[in-house]
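Worksheet for the structure shown next.
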């Protein structure tokens, strides 16, 4: 752990608790857009852990996880440093949107470019100001519009440190997930830093179970690293999944499912149907594989090709 951390031109020494705000840009109205960054430093040497949410502005569950931990003063480490970023994509947060105003995804824009698109500039500033200090991190995410994710950790299980932290978190599901081009997780991996993604719920909707499991898992990771004394044991076993498959709509229409998210299904099990609005057509849908339903589309009106069901095994 460095003696001094410098973020946004502010020197932060051991034992300090600081809120600094990264100025990214301005709205056309002239309103300044700032990213709040909380830094909690112990006087004792230890790892630097990043807790980050709101990479996609409409994914509020992670923001609520960090907010609750901040409000309950749970982020004062026994050793090391915790850096907490409740909302990275302020633009999307203000506009209930996944993207920034240029329509780009910040989590496909890393490592970024100082002179690039708005999303690229956000990524570049984060890479320059925050990531160099980080050893480990939890990046909190949520399913897309009307698509819910069951609480899960995504990481590269062939990486020993990834697997160690994922097991310490102890979520209901751990998914082996290869790096994606342009993601924070991939760029961090190139630098030897372990960033795990926690997914739960759907966008613009609080998922209480997932929020609580996220807080408990975060506490278990911090305890595992010697940074927190108290934690709760997991109340359900962890299932490790190496593969996954999506069921997509072959027909447009009204989507109904007979199963619940988190449920175990068998290959060819009747799991739902798609009908037209007039009662003239009905298509039976069967599970494409045996496994657990870790993602479910809650939108009743679907088009051809829409993702309906995410099964992991």
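Residue numbers (this note's numbering): 52 to 364.
C-beta: ideal position from N, C-alpha, C; glycine also.
Judged by DSSP in its simplified three-state form, residue 144 adopts helix. Beyond the five residues adjoining it in sequence on each side, residue 174 comes within less than 7 Å, by CB distance, of 157, 160, 161, 162 and 163 in the same chain, given in chain order. Close CB contacts of residue 232 within its chain, under the 8 Å cut and outside five residues either way in sequence, are with 159 (chain order). Shown here, residue 224 sits in a strand according to DSSP, grouped into three states.
When DSSP states are grouped into helix, strand and coil, residue 104 belongs to the coil group. Its Cα nearest to that of residue 292, the residue 343 stands out among 343, 352, 325 and 133. Apart from sequence neighbours up to five positions away, the residues of its chain that approach residue 244 with a beta-carbon distance below 8 Å are 182, 185, 186, 187 and 188, ordered along the chain. Counting the other Cβ atoms within 10 Å of the Cβ of residue 281 gives fewer than 16, which makes it exposed. Residue 301: not part of any beta strand (DSSP E); DSSP gives it neither H nor E. Per the coordinates, the alpha-carbon of residue 87 lies some 15 Å from the alpha-carbon of residue 116.
Between the alpha carbons of residue 336 and residue 325 lies a gap of roughly 8 Å. The C-alpha of residue 262 lies about 17 Å from the C-alpha of residue 101. Taking residue 151 as the centre and dropping the five residues before and after it, the same chain places the C-beta of 140, 142, 143, 157, 169, 170 and 173 closer than 7 Å to its C-beta, in chain order.
In this structure, residue 310 keeps its C-beta atom at 8 Å or more from the C-beta atom of residue 340.
CA-to-CA, the gap between residue 98 and residue 52 works out to about 6 Å.
DSSP places residue 321 outside any alpha helix (DSSP H); the residue lies instead in the beta strand (DSSP E), whose first and last residues are 321-326.
If you look at residue 238, you'll find it in the alpha helix (DSSP H) that goes 235-241. When rounded, the separation of the alpha-carbon atoms in residue 329 and residue 304 is 10 Å. Looking at the DSSP output, residue 56 shares a beta bridge with 63. The closest CA to that of residue 320, considering only 338, 269, 60 and 283, is found on 338. Distance between residue 85 and residue 315, taken at the CA atoms: about 43 Å. Around the CB of residue 190, 16 or more other CB atoms lie within 10 Å, so the residue is classed as buried. Residue 122 carries a helical assignment under DSSP once its states are collapsed to helix, strand and coil. Apart from sequence neighbours up to five positions away, the residues of its chain that approach residue 78 with a beta-carbon distance below 7 Å are 84, ordered along the chain. Taking C-alpha positions only, residue 193 is separated from residue 307 by approximately 22 Å. Relative to the Cα of residue 155, the nearest Cα in the group 201, 118, 129 and 106 belongs to 106. By the criterion of a C-beta distance shorter than 8 Å, residue 278 is surrounded in its chain by 93, 97, 98, 100, 128, 129, 130, 131 and 133, once the five residues flanking it on both sides are discounted.
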